[in-house]
Amino acid sequence: MFYRCTTTNLRETFKRFFFCIFTRSMTYGDGIDKTVPELKSRMEDLENGDYVKLRGGSEDEEEGSRGESSGCSIGSVTSVWFWVKLIFLVACVGVLAFVIIKWIGPFLIEKELIPFIKWVRSTFSIPMLGLLLFASVALFPTILLPSSPSMWMAGLTFGYGKGFLLILSAASIGVTLPFLIGHLFLHKMQEWLKQYPKKAAILRAAGEGTWFHQFQAVTLIRVSPFPYMIYNYCALATGVHYGPYILGSLVGMVPEIFVSIYTGIMLRTLAVASDVRHSLSAVEIVVNVLGFCVTASATIVCTIYAKKKLSAMQSEEAETP
450 MFYRCTTTNL RETFKRFFFC IFTRSMTYGD GIDKTVPELK SRMEDLENGD YVKLRGGSED
510 EEEGSRGESS GCSIGSVTSV WFWVKLIFLV ACVGVLAFVI IKWIGPFLIE KELIPFIKWV
570 RSTFSIPMLG LLLFASVALF PTILLPSSPS MWMAGLTFGY GKGFLLILSA ASIGVTLPFL
630 IGHLFLHKMQ EWLKQYPKKA AILRAAGEGT WFHQFQAVTL IRVSPFPYMI YNYCALATGV
690 HYGPYILGSL VGMVPEIFVS IYTGIMLRTL AVASDVRHSL SAVEIVVNVL GFCVTASATI
750 VCTIYAKKKL SAMQSEEAET P
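Under the numbering used here, the first residue of the sequence shown is numbered 450, with each subsequent residue one higher.
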């Protein structure tokens with residue numbers, strides 16, 4: 450009797466034990482499925498024979514990692530393509546420079562430049578030539594004609610010192626005449642600026658602020674690739690004063706003047722070498738090449754700096770209420 454009671458009690462105990470386990474598994478089953486859905490799907494994929502990733506992680510993290518890897522691949526492809534284009538551009542410039550130096554340059558120097566220099570020297574005296582160059586640099590900007598060839602000729606004839614003084618004094622007249630003539634077309638210039646708001650914003654930045662601010666803005670406009678002959682007529686419409694306008698114009702034109710003078714000196718050197726039928730020495734070639742590289746690099750750096758400063762001034766003006 451005691452044995453039957455004990456067996457019965459044990460059976461009841463096991464029944465209650467398994468019943469409790471079953472009920473608890475039914476109660477917490479949903480929570481477990483919600484907690485590890487990815488592990489369950491991975492195990493199902495394992496049963497189907499697919500690859501299983503043991504490290505847990507959300508789909509967003511996986512997509513993010515895939516996006517980063519694809520972004521890195523796209524960035525590397527873009528970088529490679531940039532260098533390919535750069536190498537191709539350098540190669541094209543090198544081939545073009547070789548063709549110009551080897552065939553086009555000597556032909557133009559012998560057939561055009563040397564006869565022109567001889568004609569000028571035989572026709573005009575040095576004082577008369579200086580007066581003509583002064584008049585052309587002073588008047589050509591007023592009638593919207595480029596004065597760069599006259600600057601080249603000034604460098605070719607007078608060199609750095611006298612050529613610089615001649616060009617700078619003539620340029621002061623060349624930027625003053627359009628500024629004064631702009632009084633007659635003030636309202637038309639203001640209407641014209643309204644049609645081009647982006648460019649007008651840069652020009653108006655030069656006409657605001659203190660005296661030094663106007664001087665700095667005019668200098669940057671002269672250094673930048675903005676058409677300076679157009680600015681000569683538009684400057685008055687922006688409200689800039691004559692003092693900072695003339696000083697900023699002369700300071701901003703210094704890089705262009707030096708480039709023009711150096712170009713004229715280079716042309717004279719090549720013309721003399723071709724006329725007397727002898728090639729340049731290694732020292733002369735190195736000096737000319739280095740001088741050209743330094744001049745071109747300085748001009749490019751000044752231009753880039755001027756563009757950045759003008760953009761900063763334009764953004765500051767846009768933020769000002």
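We treat Cβ as the ideally placed atom computed from N, Cα and C, and that holds for glycine.
Thinking C-beta only, is A686 closer than 9 Å to Q644? As a first step, residue 644 must be located in the sequence shown, where it is residue number 195. As a first step, residue 686 must be located in the sequence shown, where it is residue number 237. No, the pair does not count as a contact, with Cβ atoms beyond the cut-off.
Bounding residues of the alpha helix (DSSP H) (the contiguous stretch that carries L605): Residue numbering aside, residue 605 sits at position 156 when the sequence shown is read from its first letter. Where L605 is concerned, the enclosing alpha helix (DSSP H) stretches over S597 to I630.
A666 versus L578: straight-line alpha-carbon distance, rounded: In the sequence shown, counting from the first residue as 1, residue 666 sits at position 217. In the sequence shown, counting from the first residue as 1, residue 578 sits at position 129. Going by the C-alpha atoms only, they are around 35 Å apart.
Residues in the same chain with beta-carbon distance under 8 Å from L759, minus the five sequence neighbours each way, listed in chain order, please. On the sequence shown, residue 759 is found 310 positions in, with the first residue counted as 1. Apart from sequence neighbours up to five positions away, the residues of its chain that approach L759 with a beta-carbon distance below 8 Å are I651, A654, A666, L669, I670 and S673, ordered along the chain.
With H, G and I counted as helix, E and B as strand and the rest as coil, what does DSSP make of P555? Within the sequence shown, the letter at position 106 stands for residue 555. Under the three-state reduction of DSSP, P555 is assigned to helix.
What first and last residue would you give for the alpha helix (DSSP H) that runs through G697? Translated into positions along the sequence shown, residue 697 becomes position 248. Note, G697: alpha helix (DSSP H), Y691 to G701.
Coarse secondary structure for G658, derived from DSSP in three states: Residue 658 sits at position 209 when you count from the first residue of the sequence shown. Residue state for G658 is assigned as coil, using DSSP reduced to three classes.
Which residue wins for smallest C-alpha separation from P564, given the options A745, R717 and P646? On the sequence shown, position 115 is the one that residue 564 refers to. If we check each option's Cα against that of P564, R717 comes out closest.
Taking I679 as part of the alpha helix (DSSP H), name the residues at either end of that continuous run. Start at 1 with the first residue of the sequence shown, and residue 679 comes out as number 230. From DSSP, the alpha helix (DSSP H) with I679 extends over Y677 to C683.
For C683, count neighbouring Cβ atoms within 10 angstroms of its own Cβ and tell me buried if that reaches 16, exposed if not. In the sequence shown, the residue the question calls residue 683 occupies position 234. Per the 10 Å Cβ criterion, buried.
Reference A761; option with closest CA among I592, H662 and V586: Position 312 of the sequence shown holds residue 761. Of I592, H662 and V586, the residue nearest in Cα terms is H662.
Classify V501 as helix, strand or coil using the three-state DSSP reduction. Here residue 501 corresponds to residue number 52 of the sequence shown, with the count starting at 1. The predicted model places V501 with a pLDDT of 45, which falls under 50 and marks its position as unreliable; any figure quoted below should be read in that light. The answer is coil: DSSP assigns V501 none of H, G, I, E or B.
So the alpha helix (DSSP H) E561 belongs to, where does it begin and stop? Translated into positions along the sequence shown, residue 561 becomes position 112. Element bounds for E561: n/a, residue is neither H nor E.
Classify T606 as buried or exposed, calling it buried when 16 or more other Cβ atoms lie within 10 Å of its own Cβ. For the purposes of this step, residue 606 is taken as residue 157 along the sequence shown, with counting starting at 1. Buried: at least 16 other Cβ atoms inside 10 Å.
Between the stretch 596-605 and the stretch 703-722, do three or more beta carbon pairs fall short of 8 Å? The answer is yes - the stretch 703-722 touches the stretch 596-605, with three or more Cβ pairs under 8 Å.
Please classify Q663: does DSSP put it in a helix, a strand, or coil? As a working note, residue 663 is residue 214 in the sequence shown. Three-state DSSP puts Q663 in a helix.
Please report the Cβ distance between V689 and G656, rounded to the nearest whole angstrom; I am assuming they are in contact, meaning their Cβ atoms lie under 8 Å. As a working mapping, residue 689 is identified with position 240 in the sequence shown. As a working mapping, residue 656 is identified with position 207 in the sequence shown. Yes, V689 and G656 are in contact; Cβ-Cβ is about 4 Å, under 8 Å.
If the criterion is Cβ atoms closer than 9 Å, does the pair A747 and P704 meet it? Locating residue 747 in the sequence shown gives position 298, counting from the first residue. Locating residue 704 in the sequence shown gives position 255, counting from the first residue. Contact flag set, yes.
Count the CB pairs spanning the stretch 553-560 and the stretch 579-592 that are closer than 8 Å, and state whether there are at least three. no
Alpha helix (DSSP H) segment containing Q639, residue limits: Position 190 of the sequence shown, counted from the start, is the residue given in the question as residue 639. Q639 -> alpha helix (DSSP H) spans L635 to K643.
Could you check if G623 is buried or exposed, using at least 16 other CB atoms within 10 Å of its CB as the buried criterion? On the sequence shown, residue 623 is found 174 positions in, with the first residue counted as 1. It counts as buried.
Where the alpha helix (DSSP H) containing F583 begins and where it ends: Within the sequence shown, the letter at position 134 stands for residue 583. That run of the alpha helix (DSSP H) goes I575 to L588.
Quick one, which of W530, F547 and E561 has its alpha-carbon nearest A720's? For the purposes of this step, residue 720 is taken as the residue at position 271 of the sequence shown. Considering only alpha carbons, the answer is E561.
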